[in-house]
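Add 5 to the 1-based position in the sequence shown for the working numbering, that's all there is to it.
Cβ atoms here follow ideal geometry from the backbone N, Cα and C, with glycine treated the same way.
Structure, as structure tokens:
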Amino acid sequence: MAILPIRITGDPVLHSPAEPVTVFDDSLRQLVADMFDTMDAAPGVGLAAPQVGVPLRLFVYGYDTDEFGPWRGVVINPELWITPPAAGEPDEEEEAEGCLSFPGERFPLRRGDDALITGVDLDSNPVELRVGGWRARILQHEYDHLDGFLYVDRLGKHDRKLVAKITRKMGWGVPGAQWMPGVDDLEG
């Protein structure tokens, strides 16, 4: 078990598009295992490779509900299709999300209600996920990381000002900013 440091907003790897995975070997398997350990320790419901400093197009996810049960996996070299988000302002209770690369905060963000993602797993077998609701949000959020976006980059003007203030207060927004799940206290 290895828990990896999570990069925080401002680190260049989080703001650049990731490269496709081309080598499927034991080092990739170890990276994915370490990403699951890190996601679980954080705790989170998803983790993209750029968040642990690896500029590759892959993410892990894990979410468990009474309604649907456990949902866990990895998607490598994904492609994403979504229903367009509804017009209007996001609901602060129902549409708020957080991010391990902007830890401790949640902001409302409108996302598409349904998502389809395709890619491959660790054995290069096809993966196809058709989901709605919170699971669709997770896939959209993690996919954004692979294109160099954090959810805070998509917020409205008022919330972006709050994000900038928090970033300054916490000393984030610089290359190399990171935290260790289970070790670091990120309270401001």
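Query                                                                                                  : Result
DSSP-derived helix/strand/coil call for residue 173                                                    : helix
Where the alpha helix (DSSP H) through residue 37 begins and ends                                      : 31 to 46
The region 62 to 75 contacting the region 9 to 18, beta-carbon criterion three pairs below 8 angstroms : no
Residue 81 beta carbon less than 9 angstroms from that of residue 120                                  : no
Nearest residue (CA-CA) to residue 141, options 116, 54 and 125                                        : 116
9 angstroms Cβ cutoff met for residue 113 and residue 133                                              : no
When 151, 165 and 160 are compared against residue 62, the one with the closest alpha-carbon           : 151
Separation of residue 135 from residue 9, as counted between CA atoms                                  : 29 angstroms
Rounded distance between the beta-carbons of residue 105 and residue 49, thought under 8 angstroms     : 5 angstroms
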